[in-house]
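What follows is a set of notes on a single structure, which appears directly below.
Number of protein chains: 4
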Amino acid sequence: MIIVFKKGAKNEEIDNLIKRVEDLGLKPMVSKGTERTIVGVIGPEDVIRLHPLDVFPGVDKVMPVLAPYKLVSREFKQEDSIIKIRDGVEIGSNRIVIIAGPCSIETEEQLKGVAASVKDSGASILRGGAFKPRTSPYTFQGLGEEGLKILKSISEELGIPTATEVMDTRDVELIDRYADIFQIGARNMQNFNLLKEIGQTKKPVILKRGLSATIKELLMSAEYILSEGNFNVILCERGIRTFEDFTRNTLDVSAVPAIKMLSHLPVIVDPSHAAGKWGMVSPLSKAAVASGCDGLLIEVHSNPQEALSEGSQQLLPENFSELVEKLKKISAAIGRTI
Amino acid sequence: MIIVFKKGAKNEEIDNLIKRVEDLGLKPMVSKGTERTIVGVIGPEDVIRLHPLDVFPGVDKVMPVLAPYKLVSREFKQEDSIIKIRDGVEIGSNRIVIIAGPCSIETEEQLKGVAASVKDSGASILRGGAFKPRTSPYTFQGLGEEGLKILKSISEELGIPTATEVMDTRDVELIDRYADIFQIGARNMQNFNLLKEIGQTKKPVILKRGLSATIKELLMSAEYILSEGNFNVILCERGIRTFEDFTRNTLDVSAVPAIKMLSHLPVIVDPSHAAGKWGMVSPLSKAAVASGCDGLLIEVHSNPQEALSEGSQQLLPENFSELVEKLKKISAAIGRTI
Amino acid sequence: MIIVFKKGAKNEEIDNLIKRVEDLGLKPMVSKGTERTIVGVIGPEDVIRLHPLDVFPGVDKVMPVLAPYKLVSREFKQEDSIIKIRDGVEIGSNRIVIIAGPCSIETEEQLKGVAASVKDSGASILRGGAFKPRTSPYTFQGLGEEGLKILKSISEELGIPTATEVMDTRDVELIDRYADIFQIGARNMQNFNLLKEIGQTKKPVILKRGLSATIKELLMSAEYILSEGNFNVILCERGIRTFEDFTRNTLDVSAVPAIKMLSHLPVIVDPSHAAGKWGMVSPLSKAAVASGCDGLLIEVHSNPQEALSEGSQQLLPENFSELVEKLKKISAAIGRTI
Amino acid sequence: MIIVFKKGAKNEEIDNLIKRVEDLGLKPMVSKGTERTIVGVIGPEDVIRLHPLDVFPGVDKVMPVLAPYKLVSREFKQEDSIIKIRDGVEIGSNRIVIIAGPCSIETEEQLKGVAASVKDSGASILRGGAFKPRTSPYTFQGLGEEGLKILKSISEELGIPTATEVMDTRDVELIDRYADIFQIGARNMQNFNLLKEIGQTKKPVILKRGLSATIKELLMSAEYILSEGNFNVILCERGIRTFEDFTRNTLDVSAVPAIKMLSHLPVIVDPSHAAGKWGMVSPLSKAAVASGCDGLLIEVHSNPQEALSEGSQQLLPENFSELVEKLKKISAAIGRTI
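Printed below as a string of structure tokens:
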């Protein structure tokens, strides 16, 4: 941590802060510049993070030097983490994993039709929501446990693992019984109690980046889960909010290489929510694969015109199938498989 | 709702969509322009909101005309809502209410000292957090129920009502027993299960705007609470995330008059979180009062240098006291009181 | 400037960079921490700014410590700058200055009517655009020199100084002959050649913050003008672009106290462009005055329904007059005059 | 254009506006809904754009239906535009074009070394700045005409066309003599006088998206150039400003397919400015190619540690060469060439 004093800070102000740093068991390194005094603090930065050194008289600003996360960092673990979902299905290896399915589970027929189709086309994991975070209380909120039962029954019938969203600490145990992967939505990325609760399971979890979260904050939210003992975290870029309004969100494709630099955790991309338009899912999926992501989360519905949620962004099964063929070629071009 | 067709959309595409609209029990009004066909849909827009008309062939875009919220809207209720906290304390009247106190409850002595001081200076409600949403799992997470007990004991001793944050559906009942006002933080603005749970109590709730929420989304979150039967909602502007980095967030002072136009609910401002710097709390508070807000939420700590959270943004009691005197003058200038 | 090395950076990498710093005539201060090595660089930071130290092997990041601007900074000049426009009219003193007038100069009658009215109501400076930056090439682009002639003639008739926008380096001399204050619009805040050209005159200039400029960048643009010798710069906050779409831009009222902390230059606020809605000009003006601004730039038109530009945001003269009365009360409440 | 009236708007208010619309020579289509009256306006929307209908009494809002641009739109011209630079070099065809070179022209040796190298590696166009838009007046501003001379001499020697930035209307003629392509930087995207001046030449121009410009605004700026008669416009996505601070800007890769939907003009991507870090140029370039862009603009410098500008983001020639090989594979995977 670097403490920058104001021009003209008094010696007693500087001495006062140095004493404080020493009292915390840390070692200050003082540099008196031509214009300002700067104090570098050597030692575990966490100790200082708790203490608001910027309110001391004479201090201009305090600049943290180290990243605030530990367990998720590339420095903590050099090699890429590979999250095993079940035999033959893992996320983070050279094989890019495709997770597909409808936004919401609506009926057994609907889910089964889509599931069989996306599995045939190359998806390894089935997605489908039973609890839906909707901005309006007057829209479809999901089938709840009934939806989870449908999900599990089709999962067993087709032999495909599943991912579904959890929104409430009270539902963690329930969902744990029915699905293979928890999904934490963008709006719950900083629902810290939910993160802790999921951290106490050992089940894989897809953690989506919040609508206006920085990459650092996404990593801090992952840190909550890891710090409780669950290292099976898959990060997901799904678009951030900007002033651009042609797309619903702006897919931050830079987040893929950025997360790869900063963390050992796998990162997947959700092009469906990013764009909010099915016609853009294909180019965004291609861009995501080319940028180095470990998987894609794609919404597919056999009849988007009748979908109970997010009809605008769901692909038809035949379009999904075509897309996977194109993605296989790009994967091969970068030395990976799908 | 307005449906705009693509230039060159086929007649059968237009007829197909018109039939769909009629099947939903709505009345289409077709305008064939020189360049495009436009269909206005008359009837309850909610019915259409559920159905993704933009995925129909030939459709260019679908533009909603009505606001998606009802109960919170100024059209639903013309006169301003006044939320009664207890005898003599209400939010939304001509009197601007000041809610003050430390970010976190740390000890009984700390809270009592601050509470007595801010009450003397003109605060009508005491704030203090027992459950703290922190971005890092390694920082102080609040005293939990122990903190709530301290809060209630001081509330009774000094005769001042209290507001405290609720973060988990499982804690609603607990907090209900100890505090007078629930506070839902920015990070939980779209924790829909929590909104519903709070909606089922009748207790006043301060709902903070999310870091990147639009005003419309804030109103939709409030709609969740009202739709469950709790009309005692106080909206709170606390700064939004932008690219500007001198302040921690950008206080959107326009949100105050905007909410007053769109809704009957009272709106307060939290200048402490918006700026993240105690030195800006004073000018932002003055701006907020001048813009027409119904209250302020201000963090005050008797020793910010030792605060366990948010030391940088908390005012000293003496600075708070001076600020209230200045705010009284501005309130008088706009025909209100504090 | 602080140079943070990667964990595990090699000694030769550190030595290599230290040598580079010394070669530049600067003094490195090395701190070897438990996790990382950090090098503080003592000396004029400008020298280093030119050199990309972050591309040296082993370097993690480079953090500047000093502000990149000098002449505009509060450290360079402690006392507030007061910009004299003409006898009896100055910006930056205790008296808040109101600049008002139509968005565009349309006809002599239109401008004269508005000018007489706003002068009567308390405006000290008349605004009116002759060169209009419009997003569409098919909309009214301003009257050009003809407009400037109208502006000057009314200025002389009514004895009121004027401000008008300059968009092109080729027009600087022309506008210099007709108006008392140059105005540089948000879209030209980083038109560096225009800034330099204006810097070579001695005439006061209102420099508007760019749509997505940081406060620091606004100050850097002002630095361009000052560095050419023109210290008569008035900064203007006019709303920044965010995801919020109820208002056209988001007025960043925090910019007023922030600029006051960082710079000695006066700062005014343009509530008309910020909101894009005339109904919000009044609350935003009040907030701006309460926050400590030195002036307001308000668009007034006697018939907004027929305005050739920005009709939606222009106040009627009678509404403007009422507003000024309210602003006088708020000014008095904070110890200033209008 | 759709005009939505307030709930409870009076009949005379509605009639008043209808009359106004008819006076403008347009045809109103009135829909009286259960809650609101809506008026669709048939006819050329431009006429109405000039007139602020939203200030009429009783009007809630006015929603434009048609895009404000014409000549740049896909509706105006169905097939992709291909911009010919010289024999054998064109942008917008199936072949993806790579434009490479240093940020600034520094010396003849420097430029020649880089130019020869990038040409060998597969670049078809040489970039290099002689006029540099820098945020600080104290940093290197470019060599000016001397730089242009170097650029032209190397262009002729190596037989490679060139692109260079134009910042000032006064320099258009000068640069026209030395370079093959004008480049308009992000900060000048709405320098409308410069756009018009370039529009009067017939030379190809790369128009970069502004830091916070929407896609629609980028197209409107292009419309300025086309409307003056120059159809040789190449659009360039170079990252937008968001709250994310790991990257300097956020590359909006969605802009590539979005522009392809909306316009016939070619679109290229500048990954160097988007990221601001050379280590991210490779993944972003791959993502851009996979998303369907027509070209890349990449900064290359043989000694970034000594670069006079933007050293952090420039690739070494050997890294550039490797990158092109990888991009060729991705191009092949999507059926294009480099």
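Protein chains in written order, with our numbering: chain A, 959 to 1296; chain B, 959 to 1296; chain C, 959 to 1296; chain D, 959 to 1296. Note that CB positions come from ideal geometry on N, CA and C, so glycine has one too. These numbers come from a predicted model, not from an experiment.
Among 1229/A, 1252/A, 1279/A, the one whose alpha carbon lies nearest that of residue 1295/A: 1252/A
Sub-8 Å separation of residue 961/C and residue 984/C beta-carbons: no
Exposure label - residue 981/C; buried when at least 16 CB within 10 Å: exposed
First and last residue of the uninterrupted beta strand (DSSP E) at residue 1285/A: No beta strand (DSSP E) holds residue 1285/A; the alpha helix (DSSP H) holding it covers 1275-1291.
As assigned by DSSP and simplified to three states, the class of residue 910/B: Residue 910/B is absent from the model: chain B starts at 959 and stops at 1296.
Residues bridged to residue 1254/B [DSSP beta-bridge criterion]: 1056/B, 1227/B
Residue 1120/A burial status per 10 Å Cβ neighbour count (16 or more: buried): buried
Local Cβ density within 10 Å of residue 1160/C, reported as buried at 16 or more and exposed below that: exposed
Residues that DSSP places opposite residue 1121/D in a beta bridge: 1085/D, 1139/D
Residue from 1132/B, 1088/B, 1152/B with nearest C-alpha to residue 1181/B: The shortest CA-to-CA distance from residue 1181/B to any of 1132/B, 1088/B, 1152/B is the one to 1152/B.
Beta carbon proximity, residue 1117/D to chain B, threshold 8 Å: no
Residues, ordered as in the chain, of the region 1015-1040 of chain A that lie near chain C by beta-carbon distance below 8 Å: 1021, 1023, 1024, 1033
Segment limits, beta strand (DSSP E) that includes residue 972/A: Here residue 972/A belongs to no beta strand (DSSP E); instead the alpha helix (DSSP H) covers 969-981.
Within chain D, the residues that residue 1214/A reaches when beta carbons sit closer than 9 Å: 1241, 1245
Neighbourhood of residue 1174/B by C-beta, 6 Å cutoff - its chain only, sequence neighbours within 5 removed: Once the five neighbours on either side are set aside, residue 1174/B has no close Cβ partner at all.
Of the residues 1242/B, 1057/B, 1084/B, the one placed nearest residue 1070/B, counting alpha carbons only: 1084/B
Closer than 8 Å to chain D by CB, residue 1263/C: yes
Member of 1292/C, 1244/C, 1272/C whose CA lies at the smallest distance from the CA of residue 1284/C: 1244/C
Chain C contact residues for residue 1209/B, given Cβ-Cβ distances below 7 Å: Those within 7 Å of residue 1209/B in chain C are 1211, 1212.
Beta-carbon proximity list for residue 1107/D, same chain, < 8 Å, skipping 5 on both sides: 1136
DSSP state of residue 963/C mapped onto helix, strand, coil: strand
Neighbourhood of residue 972/C by C-beta distance below 8 Å, restricted to the same chain and skipping five residues each side: 963, 988, 995, 997, 1016
Short CB-CB distance (under 8 Å) between residue 1230/D and chain C: no
Residue-level contact to chain D via CB, residue 1200/A, 8 Å cutoff: So, interface residue.
8 Å Cβ cutoff met for residue 1276/A and residue 1061/A: no
Closest by C-alpha distance to residue 1317/D, when choosing among 1234/D, 1224/D, 1186/D: The structure shown has nothing for residue 1317/D, since chain D only spans 959 to 1296.
Straight-line gap, residue 1273/B to residue 1237/B (C-alpha atoms, nearest Å): Going by the C-alpha atoms only, they are around 8 Å apart.
Reference residue 1191/B, options 1081/B, 1178/B, 1199/B, 1024/B, closest by Cα: 1178/B
Per-residue DSSP class, three states only, for residue 1267/B: Coil, per DSSP.
Test item: CB-CB of residue 1249/B and residue 1224/B under 8 Å: no
Pick from 1203/C, 1291/C, 1282/C that is closest to residue 1081/C, judged by C-alpha positions: When only C-alpha atoms are compared, the closest one is 1282/C.
Chain-ordered neighbours of residue 1292/C on chain B, where CB pairs are closer than 8 Å: Counting only Cβ-Cβ distances below 8 Å, residue 1292/C has contacts in chain B at 1244, 1284, 1287, 1288, in chain order.
Partners in chain A for residue 931/D, counting only beta-carbon separations shorter than 7 Å: Only positions 959 to 1296 of chain D appear in the structure, and residue 931/D is not among them; the question remains open.
Within-8 Å CB hit, residue 987/C to chain A: yes
Proximal chain B residues relative to residue 1169/A, where beta-carbon distance stays under 7 Å: 1170
Interface flag, residue 1151/B vs chain A, CB-CB below 8 Å: Under the 8 Å criterion on CB atoms, residue 1151/B is classed as interfacial with respect to chain A.
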